[in-house]
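Engineer:
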Amino acid sequence: MHDLMGCRRRTALTAMAGATSFLSGRSGARRAVAQPFDPAASNAGHYRFRVGEIAATVLSDGLIGGPPRVYAIDAPEDELRNALRDAFLPTDHLTLNLNTLLIETGGRRILLEAGAGQTMGLNGSRLFANLAAIGLTPADIDAVVISHMHPDHVGNLRAADGGRAFPRATIFAPRADWAFFVSGQPDLSYMPVPDDFRRRFAAAIKRSVEPVAAGVELYEGGAEILPGLATIAAPGHTPGMAAFLVHSGADQLLLTTDLAYHPVVNLDRPWRPGPDRDPGAALVARRSLFDRAAADRMPVLGFHYPFPGLGRLRKTDAGYAWVPAAWQFRLSETQTGQATR
Ligand SMILES: [Zn+2]
Numbered sequence: 033m034h035d036l037m038g039c040r041r042r043t044a045l046t047a048m049a050g051a052t053s054f055l056s057g058r059s060g061a062r063r064a065v066a067q068p069f070d071p072a073a074s075n076a077g078h079y080r081f082r083v084g085e086i087a088a089t090v091l092s093d094g095l096i097g098g099p100p101r102v103y104a105i106d107a108p109e110d111e112l113r114n115a116l117r118d119a120f121l122p123t124d125h126l127t128l129n130l131n132t133l134l135i136e137t138g139g140r141r142i143l144l145e146a147g148a149g150q151t152m153g154l155n156g157s158r159l160f161a162n163l164a165a166i167g168l169t170p171a172d173i174d175a176v177v178i179s180h181m182h183p184d185h186v187g188n189l190r191a192a193d194g195g196r197a198f199p200r201a202t203i204f205a206p207r208a209d210w211a212f213f214v215s216g217q218p219d220l221s222y223m224p225v226p227d228d229f230r231r232r233f234a235a236a237i238k239r240s241v242e243p244v245a246a247g248v249e250l251y252e253g254g255a256e257i258l259p260g261l262a263t264i265a266a267p268g269h270t271p272g273m274a275a276f277l278v279h280s281g282a283d284q285l286l287l288t289t290d291l292a293y294h295p296v297v298n299l300d301r302p303w304r305p306g307p308d309r310d311p312g313a314a315l316v317a318r319r320s321l322f323d324r325a326a327a328d329r330m331p332v333l334g335f336h337y338p339f340p341g342l343g344r345l346r347k348t349d350a351g352y353a354w355v356p357a358a359w360q361f362r363l364s365e366t367q368t369g370q371a372t373r
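See the structure below:
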């Protein structure tokens, strides 16, 4: 027991050291630098597909990231390094995507997750350029449904002028998370990051949701937000986190929200995300939904997985394997039963 605790303390300190340099910009080469959006030097940040009758478009809000240890808190040091190296990823920084999903159904446009904006680094906020790229403005969004209150999921709710970024949208947020992060003074001492990071993290949440607080619709995990969009209680990462199920006829898509951060460390390997508040509950939710996805061969969207974040989970002897979906050039290719199931 003492050994385990000692080991935990060491890994947390290692993660903190990395997070400190990430936040302060002292790490030099890895420091995020805001680049003006240049369409001529960019690939597409949107990806269209269908779930039955529902039109779906992944809209990237850009990238965040940090020390790999933060996202794989219980990984043995050498195994973590080898897993990253085997995946041809840097060993000192793990990049996470921000894959928000727009669904269009019943004459309404619903955005699943608001994205980070620049609450967690300067490489967020691309959602608005990607909305424009498909001919939409924030005023075209009827609802924004948030899985949990972390800044990378709510950051874009606040416009630069302090107003509502999505002026017409009804905002749906999980009730238990609102109580913990917004109404309360959250104790974030469980997060393997420096105090300064925790303070800014907590402040970014309150600041982001302040313009929408008056009209927010709080939901319980399990609620059907509208026909074709169900929430699934998946607490553990945060008190009220939900996963999402988009469904139409026999077709469905499971959004695993933050049950996992990156397939290489949380799916292909069983390591635990450091920011999980209740690791036991998070593990139960993760296993339950991942097992269901694997058994039913469900299409899955991971909010933080490499863009566009679509694929499937296969059960293996050791856990799971992430199998990214092939890029589809025509919507009709994803509409046939054979292709989606
Ligand atoms: Zn997240």
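The opening position of the sequence shown corresponds to residue 33 in the numbering used here, with each subsequent residue numbered one higher. Note that beta-carbon positions come from the ideal geometry of N, C-alpha and C, so glycine has one too.
Suppose you measure from the CA of S74 to the CA of D93; what does that come to, to the nearest Å?
Structural biologist: In a straight line, the C-alpha of S74 is about 14 Å away from that of D93.
Engineer: Near G312, which residues of its chain fall below 8 Å by C-beta distance, leaving aside the five closest residues on each side in sequence?
Structural biologist: G268, listed in sequence order.
Engineer: Which residues does DSSP pair with G343 in a beta bridge?
Structural biologist: In DSSP, G343 forms a bridge with V332 and P356.
Engineer: For H78, which three-state DSSP category applies?
Structural biologist: H78: strand per DSSP, three-state reduction.
Engineer: For L258, decide whether its Cβ has a neighbour in chain D, counting only Cβ atoms nearer than 8 Å.
Structural biologist: Here there is only one protein chain, and chain D is not present.
Engineer: Could you name each continuous alpha helix (DSSP H) segment of 4 residues or more that falls completely within the region 126-210, going from the start of the chain to the end?
Structural biologist: Those alpha helix (DSSP H) runs which fall completely within the region 126-210 and span 4+ residues are 159-165 and 183-186.
Engineer: According to DSSP, is D228 helix, strand or coil?
Structural biologist: D228: helix per DSSP, three-state reduction.
Engineer: Taking 8 Å as the threshold, find out whether the region 243-251 comes into contact with the region 287-297 through three or more Cβ pairs.
Structural biologist: Contact fails: fewer than three Cβ-Cβ distances are below 8 Å.
Engineer: Nearest to M330 by CA position, among V225, L285 and W303, is which residue?
Structural biologist: Looking at the Cα atoms, L285 is the closest of the given residues.
Engineer: DSSP on E109, reduced to helix/strand/coil?
Structural biologist: In this structure, E109 counts as helix in the three-state DSSP scheme.
Engineer: For V225, count neighbouring C-beta atoms within 10 Å of its own C-beta (all shown protein chains included) and say buried if the count is 16 or more, exposed if not.
Structural biologist: By the 10 Å Cβ count, V225 comes out buried.
Engineer: With Y103 as the anchor, note down where its alpha helix (DSSP H) starts and where it stops.
Structural biologist: Residues P100 to Y103.
Engineer: Using three-state DSSP, classify P315 as helix, strand or coil.
Structural biologist: Just to set this straight, residue 315 is Leu in the shown sequence, not Pro. If DSSP states are grouped into helix, strand and coil, L315 belongs with the helices.
Engineer: Among the residues of its own chain, which have a CB less than 6 Å from the CB of A175, if the five just before and after it don't count?
Structural biologist: Taken in chain order, the residues that qualify are I142, A201 and T202.
Engineer: Please indicate yes or no: does the CB of D118 lie closer than 7 Å to some heavy atom of ligand 1?
Structural biologist: Because no heavy atom of ligand 1 lies under 7 Å away, the Cβ of D118 does not count as near it: no.
Engineer: Does the beta-carbon of D184, which I'm using as the reference point, lie nearer than 7 Å to any heavy atom of ligand 1?
Structural biologist: D184: yes, Cβ under 7 Å from ligand 1.
Engineer: If you follow the beta strand (DSSP E) that L363 is in, where does it begin and where does it stop?
Structural biologist: That residue, L363, is in no beta strand (DSSP E); it is neither H nor E in DSSP.
Engineer: For L116 and P307, what's the separation of their Cα atoms in angstroms?
Structural biologist: Roughly 20 Å between the two C-alpha positions.
Engineer: Going by DSSP, which residues form a beta bridge with T89?
Structural biologist: Partner(s): R80 and L134.
Engineer: Across which residues does DSSP place T263 in a beta bridge pair?
Structural biologist: DSSP, once it has assigned bridges, lists F276 as partnering T263.
Engineer: Per DSSP, what kind of secondary structure is L299 in: helix, strand or coil?
Structural biologist: Here L299 sits in helix by DSSP.
Engineer: Using 7 Å as the cut-off, classify the Cβ of D93 as near or not near the heavy atoms of ligand 1, replying yes or no.
Structural biologist: D93: no, Cβ never under 7 Å from ligand 1.
Engineer: Let me check you understand the geometry: is the CB of H336 closer than 7 Å to at least one non-hydrogen atom of ligand 1?
Structural biologist: Within the cutoff, so yes.
Engineer: Within 10 angstroms of the Cβ of W359, are there 16 or more other Cβ atoms? Answer buried if so, exposed if not.
Structural biologist: Label assigned to W359: exposed.
Engineer: Could you tell me which of A274, L168, G281 and G272 sits nearest to L91, measuring between CA atoms?
Structural biologist: Taking only the C-alpha atoms, the option nearest L91 is L168.
Engineer: Taking the straight line between their C-alpha atoms, what separation do you get for R62 and A282?
Structural biologist: Note that R62 scores a pLDDT of 45, beneath 50, so its modelled location is shaky and nothing firm can be said.
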